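Residues -25 to -1, 1 to 79 in mature numbering (1 follows the signal peptide of the UniProt record, and there is no 0) are what the sequence shown spells out, letter by letter. Idealized CB from N, CA, C, for every residue including glycine. Model, not experiment: these values are computed from the prediction.
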Amino acid sequence: MGMFRILTITLASASLLAAGTPAFARGDRDQDNLREAAAQGQVIPLNRLIADVKSRPPYSGMTYLGGPQFDADRMLYALKFMDGAQVVVVYVDARTGRIVGRKP
């Protein structure tokens, strides 16, 4: 019974967190759109965006976790960093490289 309660709380927390974040996807359609946009020079290459964010304080002191997500509708990347014991998600505009938000 204890395990079921923990799972329920975890699922509820995950759905609450998901409700407050942009709709990021790893679908094939988004990847195809991203490759096409990159080929046409409409977006900055992901490795360059990551390197740029990692070079800026306070992110320069954090560890990049990988697993970037891309929102094709908003043309945003969500990049995950570890700041001590806390995961920080940084939202970056794929076209300009500008950091447009973060959580927390």
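Residue i classed as buried or exposed, judged by whether at least 16 other C-beta atoms fall within 10 angstroms
i   : result
A69 : buried
V75 : exposed
L54 : buried
Candidates the options: closest to residue i by CA position
i   : options               : result
V62 : T38, L21, L24 and Q17 : T38
M57 : K78, E11 and L21      : K78
R73 : I25, R10, Q15 and A60 : I25
L40 : P32, G16 and A60      : A60
D7  : G36, P32, G16 and A47 : A47
Test: residue i CB closer than 8 angstroms to a CB of chain D
i   : result
F45 : In the structure shown, chain D does not exist; there is a single protein chain.
CB-CB length for residue i against residue j, believed under 8 angstroms
i   : j   : result
V64 : V28 : Rounded, the Cβ-Cβ distance is 11 angstroms, inconsistent with contact.
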